[in-house]
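Numbering (my numbering), first residue to last: 23 to 102.
Every residue, glycine too, gets a C-beta built ideally from N, C-alpha and C.
Everything below concerns the one structure shown next.
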Amino acid sequence: MRKPLRALGVLLVLMGVSGAVDHLWTQPILGIVLNSFHRLVVQNVAALQENALLANLGLAALGLVLVVAVESLAASRGRG
């Protein structure tokens with residue numbers, strides 16, 4: 023269960039950073055996957071449209087917290 027959660031966290035970090043880049047400039051690399059949060063969620067929710075950069079960076083931070091939490095739990099259970 024650790025590997026899928028870590029992969030999800032890494033994907034969220036990549037999506038958040040890519041969405042922030044897409045908001046500021048243009049992000050052509052894997053745009054359909056990495057920019058899906060920015061293009062499908064942020065642009066359709068009025069409260070997030072006003073703070074699009076913050077929403078994307080918040081998604082990246084959430085992914086980073088998920089990765090750190092999974093690694094912390096794995097280390098505390100004796101993975102080493």
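I54, enclosing alpha helix (DSSP H) - first and last residue: G53 to L56
Cβ neighbours of A82 in the same chain (closer than 6 Å, five flanking residues each side left out): V35, G38 and V39
May I ask you to report which of helix, strand or coil DSSP gives N78? helix
Euclidean distance between Cα positions of V64 and A91: 26 Å
Under the three-state reduction of DSSP, which class applies to G31: helix, strand or coil? helix
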